[in-house]
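Novice:
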Amino acid sequence: MALAMNDKVVVERDEMDRLVLMRMDFDRYEAQVIPDLRQERLALYHALRRLIEAVREAEHLLELEATTSYRGVLRAAERLLRDLEQRREEGTGGG
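Spelled out as structure tokens, the structure:
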């Protein structure tokens, strides 16, 4: 059933209020939550990078013999850091 140009769509007040609230939530999410999450991700990225550097420096200065589990955790952190760097580059390159 197609509507002609002069036909009107009636929306109940409750439905309109719900749509307005949804739009307000979306606007707040877009204006506040997304930038906040980006800032938190950036802070975590820098903290992880500093942690990896500190562990490497301590390992070198103390001449630590790394255990297998220690190496695994360090490698996982390094992979995560590379992944974050790649996502960061994709995010800044794309927009």
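Residue numbers for the sequence shown follow our numbering, so the first one is 42 and each next one is one higher. C-beta: ideal position from N, C-alpha, C; glycine also. These numbers were taken from a predicted model, which means no experiment stands behind them.
Ends of the alpha helix (DSSP H) at residue 66?
Specialist: 54–69
Novice: Between residue 125 and residue 86, how many whole angstroms is the CB-CB distance? I'm expecting something under 8 angstroms.
Specialist: 5 angstroms
Novice: Taking just the CA atoms, how far does residue 104 sit from residue 67?
Specialist: 53 angstroms
Novice: Roughly how many angstroms lie between the CA atoms of residue 136 and residue 129, to the nearest whole one?
Specialist: At residue 136, the pLDDT of 41 sits below 50, so the modelled position is not reliable and the matter cannot be decided from this model.
Novice: Mapping DSSP to helix, strand and coil, what is residue 124?
Specialist: helix
Novice: Looking at C-beta atoms only, is the number of pairs between the segment 74–86 and the segment 110–120 that lie closer than 8 angstroms three or more?
Specialist: no
Novice: Quick one: Cα of residue 51 to Cα of residue 121, how far?
Specialist: 52 angstroms
Novice: State the Cα-Cα distance for the pair residue 94 and residue 100, rounded to the nearest angstrom.
Specialist: 10 angstroms
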